[in-house]
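Input: a single structure, listed below in structure tokens.
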Amino acid sequence: MDIEMIRRCPRPPRGIVVRNETISDDEITAIDGILVTTPARTAFDLARHLPRGYAVVCLDALARVTGVGVRDVFAVADRYPAARWGATQ
Numbered sequence: 001m002d003i004e005m006i007r008r009c010p011r012p013p014r015g016i017v018v019r020n021e022t023i024s025d026d027e028i029t030a031i032d033g034i035l036v037t038t039p040a041r042t043a044f045d046l047a048r049h050l051p052r053g054y055a056v057v058c059l060d061a062l063a064r065v066t067g068v069g070v071r072d073v074f075a076v077a078d079r080y081p082a083a084r085w086g087a088t089q
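Counting along the sequence shown from 1, when you hit position 79 you're at 79 in the UniProt record's numbering, and nothing is skipped either side.
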């Protein structure tokens, strides 16, 4: 399982992927007191950072569990028109 953190960190611990991203306050929620990104923001990030085939599997599972939909993800994407979409395979 990958753990990804969004923060500034010159050298992350082994096994941790650190990304420097802009996240709006309304894209963060709490689960059992732990701050996490909303399902729509999570879907946006998965779609951008995972290889396409794996992203589709993860996005399908996320949609089934949370009910997040394509419109929700596009609403987040509209906020970040300059966001990079790196994963393609």
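Here a beta-carbon is modelled for each residue, glycine too, at the ideal position from N, C-alpha and C. The structure displayed is predicted, hence computed values, not measured ones.
If distances are taken between C-alpha atoms only, which option among the options comes closest to residue i?
i: Val-68; options: Asp-78, Thr-42, Ala-82; result: Thr-42
i: Ala-75; options: Ala-61, Pro-39, Leu-50; result: Pro-39
i: Thr-66; options: Arg-11, Asp-78, Thr-37, Gly-15; result: Thr-37
i: Tyr-80; options: Arg-71, Val-70, Glu-21, Thr-29; result: Glu-21
Per the DSSP calculation, residue i is bridged to which residue(s)?
i: Thr-22; result: DSSP output for Thr-22 lists no bridge partner at all.
i: Thr-37; result: Ile-28
Using 8 Å for Cβ pairs, my map puts residue i next to residue j. What's the rounded Cβ distance?
i: Arg-48; j: Ala-83; result: 6 Å
Excluding the 5 residues flanking residue i on each side, which residues of the same chain have their C-beta closer than 6 Å to its C-beta?
i: Val-73; result: Ala-40, Ala-43, Phe-44
Residues in the same chain with beta-carbon distance under 8 Å from residue i, minus the five sequence neighbours each way, listed in chain order, please.
i: Leu-46; result: Ala-55, Cys-58, Leu-59, Leu-62
Count Cβ pairs between the region 51-64 and the region 8-25 that sit closer than 8 Å; are there 3 or more?
no
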